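Chemist: The structure is given below, and queries will be raised subsequently.
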């Protein structure tokens, strides 16, 4: 009885789309990545909280969180610290490399509204007051013929 080991590698769909549309020469080496942290966001009152899974990364030295114009930009790198002299075959399912995630911010939000923290492999970024002033304001409807309110 023989056993076959198969590794399925998952790529970012956008990466595959760009490669097929423009070819490898149009995709600069500095932008290529095999690691893209999973992200989620949720509303917390008037704030939005963005969470990225970045286990195994030294966030103090390998991650930056910046506001560039009206975009929140998170860049980093998961480094492969293993010794390249390892003999024999190996199985690699952990992805390494540089990554960049970008989120558009409303025009009224500046860098002073952004704070970040890291705990147990999750980078949490809070953007304050994203939803402030976005609730609808109900307008009263008066009765009677239109146009009389200016008299």
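Residue numbers (the UniProt record's numbering): 1 to 151.
Every residue, glycine too, gets a C-beta built ideally from N, C-alpha and C.
Predicted model, so just to flag it, every value in this text is computed and none were measured.
1) Which residues does DSSP list as the beta-bridge partners of residue 112?
2) With DSSP as the reference, label residue 69 as helix, strand or coil.
3) May I ask you to list the residues that DSSP assigns as paired with residue 77?
4) Just how far apart, CA to CA, sit residue 78 and residue 132?
5) Just verifying my parser: in three-state terms, what is the DSSP assignment at residue 62?
6) By Cβ distance, which residues of its chain are closer than 6 angstroms to residue 24, with the 5 residues on each side in sequence left out?
7) Between residue 52 and residue 123, is the Cβ-Cβ spacing less than 9 angstroms?
8) Grab me the residues of residue 74's own chain with a C-beta within less than 6 angstroms of its C-beta, minus the 5 sequence neighbours each way, in chain order.
Modeler: Reading it off the structure:
1) For residue 112, which the question treats as bridged, DSSP gives no partner whatsoever.
2) coil
3) 98
4) 35 angstroms
5) helix
6) The predicted model places residue 24 with a pLDDT of 47, which falls under 50 and marks its position as unreliable, so this point remains unresolved.
7) yes
8) 65 and 101
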